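These notes concern the structure reproduced below.
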Amino acid sequence: MERGSRTSKPMLATKTEAELWSIQELTARRSLHFVISFLRCRMGPNNDELLDVVATNRLLAIVRAVSLVESRHGTTGRNQPARDPMQCGNPKDVWWKEFTGQLGNGDRFVRGAGAKAYWANEIGDAAEKENIFPAAAKRDLLSVLLDGHKDSGFGPAHSYLWGTLYLIHRINSAAGDRSYACGDLSRDRLIDGAVTYNGGGVADYKTRLINALAEFGDPLAISIPSFANVQVRLFSDTLAAIKSAGLPVRRLRIDYDGSMRISSTTVDFADYEFEALASDDLALYQKIPNQSEEATCGAIAGRIKRDDPEFDDLVSNSNSKIVFKDEEVLAQTE
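So the sequence shown is numbered by this note's numbering: it starts at 69 and just counts up by one.
Shown next as structure tokens:
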């Protein structure tokens, strides 16, 4: 080596957004699912529909965008990015002061399905009483709560949980709705609400969010299907499946959820052989389906006497085309 020459250090490859997000995604998802459950989030024109997978993923996308803008998923910036990817724990910010009771009651968090509402300074105690609360986000892991992300006990679990709670509240309240009411989850609604999460500290925050979404494909660019469209599509898919099967239908069952929304459809098909046999008279000892009584109906669970409560549930078959063999009479004459 010549005198005065320098050896260069190998440069580390910069991780992609997807690689950075993969480190935080599980924590973010757990936090989001808790917040949706705790706030009793609802969507739709009347805000009375449970959030489905599509809606949940749209909320996760805006959480991901905020995390990217605030801290590059916990890797850049001087304000504790590794501990606080959502930048919700800054002790100087309004949210953390409200959350820790330094500004009186703070914002009002109104939950859905008739659940009790809480002020910002009450929300921590209420949330941590829930059975599904992520233990890693508990406040007692911090030595000094008021220090927020400056405390060595503050971690990404705190950031994503308390940040996501505030983010969803801000998105919905910015749209004129209550904390739980997610409305149509449109792109504009989510982005405009996320701008208020920042509190106006960054003039081009909306542009940064849009650029962040574009970096991972902008999942919000695809509009969420309306309630009516989802119902029509589900039923039309069922009818298409029936047509393509080309078999007779014995039964079509439609199940509804608590909001009287179609949750599933079940079709029982019958083969042609069954239908042909069922239309003719049966010969003695012939049976359909051709298997034992126990295999068809299940084993006998017990006898039902006339004075048993279950006796009232029995149904009389008065179909004149069905003739039952009277085994007691036959036994006496044979």
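C-beta atoms are modelled at their ideal positions from N, C-alpha and C, and glycine is treated no differently. Computed from a predicted structure; not experimentally measured.
Notebook entry, point to check: Could you give the uninterrupted runs of the alpha helix (DSSP H) lying entirely in the region 171-252, keeping only those of 4 residues or more?
Noted result: 188-196, 224-242
Among E361, N189, A243, D116, whose alpha-carbon lies nearest the alpha-carbon of C163? Within the sequence shown, the letter at position 95 stands for residue 163. Before going on, a small fix: residue 163 reads as Trp here, not Cys. Here the closest residue by C-alpha is N189.
Which stretch, first to last residue, makes up the beta strand (DSSP E) that contains D260? Mapped onto the sequence shown, residue 260 falls at position 192. Here D260 belongs to no beta strand (DSSP E); instead the alpha helix (DSSP H) covers 255-266.
Subject >> Closest Cα partner of G267 within the set G231, H217, F106, G285 >> reply: The count along the sequence shown starts at 1 and reaches residue 267 at position 199. Nearest C-alpha to G267: G231.
Buried/exposed call for Y265, threshold 16 Cβ in 10 Å: Stepping through the sequence shown from its first residue, residue 265 is reached at position 197. Under this definition Y265 is a buried residue.
Quick one: Cα of D272 to Cα of Q92, how far?
Along the sequence shown, one-based indexing puts residue 272 at 204. Along the sequence shown, one-based indexing puts residue 92 at 24. For D272 and Q92, the distance between alpha carbons rounds to 25 angstroms.
* Asked: If you draw a straight line from the alpha carbon of D175 to that of F222, how long is it in whole angstroms?
  -> Here residue 175 is taken as the residue at index 107 of the sequence shown, counted from 1. Here residue 222 is taken as the residue at index 154 of the sequence shown, counted from 1. Straight-line Cα distance between these residues: approximately 23 angstroms.
Query raised in the report: Looking only at its own chain, which residues have a Cβ that is under 6 angstroms from the Cβ of V23, when we skip the five neighbours before and after it?
Result: This structure cannot speak to residue 23, because the chain is shown only from 69 to 402.
Query raised in the report: Does the beta-carbon distance from V137 to A280 come in below 9 angstroms?
Result: For this step, residue 137 is matched to residue 69 along the sequence shown. For this step, residue 280 is matched to residue 212 along the sequence shown. Yes.
- Measure from the alpha carbon of F102 to the alpha carbon of each residue in F201, V178, A205, then state which is nearest. Position 34 of the sequence shown, counted from the first residue, corresponds to residue 102. Nearest of F201, V178, A205 to F102, Cα basis: F201.
*Could you name the residues of the same chain whose beta carbon sits closer than 7 angstroms to that of G269, not counting the 5 residues immediately before and after it, in chain order?*
Taking the sequence shown and counting its residues from 1, the one referred to as residue 269 is at position 201. Excluding positions up to five away in sequence, the list is empty.
If I measure Cβ to Cβ from D376 and keep anything under 7 angstroms in the same chain, skipping five residues before and after, which residues do I get? Taking the first residue of the sequence shown as position 1, residue 376 is located at position 308. For D376, where only same-chain residues beyond five positions count, there are no Cβ hits under 7 angstroms.
Exercise for the section: Could you tell me whether the region 114-123 touches the region 144-153, where touching means 3 or more Cβ pairs closer than 8 angstroms? Expected result: no
- Can you give, in chain order, each stretch of the alpha helix (DSSP H) that sits fully within the region 118-167 and has at least 4 residues? 121-139, 162-167
With a threshold of 16 other CB atoms inside 10 Å of the CB of D323, please say whether the residue is buried or exposed. Looking up residue 323 in the sequence shown gives position 255. Counting Cβ neighbours within 10 Å, D323 comes out exposed, since fewer than 16 surround it.
- Message: Please state whether the Cβ-Cβ distance between R319 and D336 is less than 9 angstroms.
- Response: Numbered from 1 along the sequence shown, position 251 holds the residue referred to as residue 319. Numbered from 1 along the sequence shown, position 268 holds the residue referred to as residue 336. Their beta carbons are under 9 angstroms apart, which means R319 touches D336 by this criterion.
Shortest alpha-carbon distance to G216 belongs to which of L235, S241, P153, W89? Translated into the one-based positions of the sequence shown, residue 216 becomes position 148. Measuring from the Cα of G216, the nearest candidate turns out to be P153.
| message | Counting C-beta neighbours from all protein chains within 10 Å, is the total for T84 16 or more, i.e. buried, or is it exposed? | response | Position 16 of the sequence shown, counting from 1, holds the residue named residue 84. Exposed.
By a C-beta neighbour count over all protein chains shown, 10 Å radius and 16 as the cutoff for buried, is G166 buried or exposed?
-> Walking along the sequence shown from the start, residue 166 turns up at place 98. The sequence shown places Glu at residue 166, not Gly. The residue in question, E166, is buried, as its Cβ has 16 or more Cβ neighbours within 10 Å.
- Message: Check this for me: beta carbons of I259 and L233, under 9 angstroms apart or not?
- Response: Along the sequence shown, one-based indexing puts residue 259 at 191. Along the sequence shown, one-based indexing puts residue 233 at 165. Not a contact, by the Cβ cut-off of 9 angstroms.
Quiz item: Roughly how many angstroms separate the alpha carbons of T144 and F177, rounded to a whole number?
Solution: Along the sequence shown, read from residue 1 onward, the residue named residue 144 stands at position 76. Along the sequence shown, read from residue 1 onward, the residue named residue 177 stands at position 109. In a straight line, the C-alpha of T144 is about 31 angstroms away from that of F177.
- Task: Return the Cβ separation of R108 and G180 in integer angstroms, given the expectation that the two are a contact with Cβ distance under 8 angstroms.
- Result: On the sequence shown, position 40 is the one that residue 108 refers to. On the sequence shown, position 112 is the one that residue 180 refers to. Right, their Cβ atoms sit about 4 angstroms apart.
Per DSSP, what kind of secondary structure is D376 in: helix, strand or coil? Within the sequence shown, residue 376 is the residue found at index 308, counting from 1. If DSSP states are grouped into helix, strand and coil, D376 belongs with coil.
Query - Cβ neighbour criterion (16 or more within 10 Å) applied to L94 - result: The residue labelled residue 94 in the question sits at position 26 within the sequence shown. Classification for L94: exposed.
>> Check for me: the beta strand (DSSP E) holding I322 runs from which residue to which?
In response: The count along the sequence shown starts at 1 and reaches residue 322 at position 254. Its beta strand (DSSP E) spans residues 317-324.
Taking R98 as the reference, give the member of L118, V131, L88, T82 with the closest Cα.
Here residue 98 corresponds to residue number 30 of the sequence shown, with the count starting at 1. Measuring from the Cα of R98, the nearest candidate turns out to be V131.
Q. Between G112 and chain B, is there a C-beta pair that is closer than 9 angstroms?
A. In the structure shown, chain B cannot be found, because there is only a single protein chain.
Checklist entry - Smallest Cα separation from L100: which of A205, G285, A185? => result Mapped onto the sequence shown, residue 100 falls at position 32. L100 has its Cα closest to that of A205, out of A205, G285, A185.
**Asked** Roughly how many angstroms separate the alpha carbons of A203 and I191, rounded to a whole number?
**Response** Here residue 203 corresponds to residue number 135 of the sequence shown, with the count starting at 1. Here residue 191 corresponds to residue number 123 of the sequence shown, with the count starting at 1. Answer to the nearest angstrom: the Cα atoms are 16 angstroms apart.
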